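Quick note on this note's numbering: the sequence shown kicks off at 50 and runs consecutively.
The beta-carbon is built from N, C-alpha and C at its ideal position, and this holds for glycine as well.
Computed from a predicted model, the values in this text were never measured in an experiment.
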Amino acid sequence: MDKLIASYNNWCKNSGVFECYVKSTTLASLTTVDSSKIDYCNTIETNPKNIDTINSLCKMISSDLKDNTFLISDLPAEENLDLSLALNNSMKIKPILSFNHIAHDFGLIGNSLIHNKLVNYSFKFKNIQNVLAYCFILDNGRYFNSNEYLNPLVFNNQYEITEEELPYVEVLAMAHIKNLIFIYRNEIKEDVKKYLDYLQEENINISFINLNKENAEVIKIEQ
């Protein structure tokens with residue numbers, strides 16, 4: 050339990066005005082799963098398959114990052130956790146944990162690898178003296194678009210993003226934020242699309258990075 054509390058505190062550290070958005074659900078519920086599945090030895094490393102994508106993504110972010118910008122990354126959980134480590138330690142961009150599934154030994158969402166990275170990466174985060182931006186880290190696998198995965202022997206811990214997970218424009222205004230970089234692959238999920246529509250209505254400038262494209266690029270929508 051002490052390790053999980055320390056992990057949550059590390060996710061919260063340097064999160065500034067967005068500290069209240071750092072989710073504790075998954076970390077807190079890890080107390081109920083088989084403890085032998087959680088490795089606290091801090092030996093978990095970035096998936097080699099994600100390294101090239103993350104390096105390219107960091108370059109695109111750097112080229113488009115300006116003052117008064119925040120980011121949302123809606124990629125698969127493991128890939129986004131690998132990205133979190135790179136953003137924090139190499140780019141001084143603080144990841145804001147937005148995973149909100151209930152951890153379960155037989156859960157539909159989440160697995161031991163994701164849970165291990167969730168805990169262990171937090172102890173690898175460098176202390177950022179001057180945060181350049183904040184990135185909300187979502188799990189793109191938070192829900193499925195059909196019922197084909199429903200199984201009475203599996204714990205259905207799917208969830209959607211609600212207005213509780215992401216900041217209102219009033220909060221963004223307090224942080225003097227006027228721009229968003231949104232990172233995704235393939236299609237934008239319906240729950241987060243509602244939030245993006247809301248931001249556009251409130252004159253927030255949005256740049257989209259779609260990693261599904263062979264030559265991914267930043268597409269800007271200026272208000």
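Nearest to E68 by CA position, among E213, S105, M109 and P97, is which residue?
-> E213
With a floor of 3 residues, list each beta strand (DSSP E) that falls wholly inside the region 88–139, ordered by position along the chain.
-> 118–124
Does DSSP put G156 in a helix, in a strand, or in coil?
-> strand
V82 and H150 look like a contact to me (Cβ under 8 angstroms); what is the Cβ gap, rounded to whole Å?
-> In fact, because the Cβ distance is near 12 angstroms, the residues do not count as touching under 8 angstroms.
For I54, name the three-state secondary structure that DSSP assigns.
-> helix
Whose CA, out of L120, K98, K141 and S112, lies closest to the CA of E127?
-> K98
DSSP state of H164 mapped onto helix, strand, coil = helix
Whole beta strand (DSSP E) runs in the region 197–265 with 3 or more residues, listed along the chain?
-> 228–233 and 254–259
Straight-line Cα distance separating N189 from K141 = 23 angstroms
Go ahead and pull the three-state DSSP assignment for K143.
-> strand
Which residue comes first and which comes last in the alpha helix (DSSP H) that contains L187?
-> No alpha helix (DSSP H) contains L187, which is instead part of the beta strand (DSSP E) from A182 to D188.
Simplified DSSP assignment, three categories, for S73 = coil
With 16 as the cutoff for other CB atoms within 10 Å, does G65 come out buried or exposed?
-> exposed
From D246 to I237, what does the alpha carbon distance come to, in whole angstroms?
-> 12 angstroms
Reduced DSSP category for I179 - H, G, I as helix; E, B as strand; rest coil | The sequence shown places Asn at residue 179, rather than the Ile named in the question. In this structure, N179 counts as coil in the three-state DSSP scheme.
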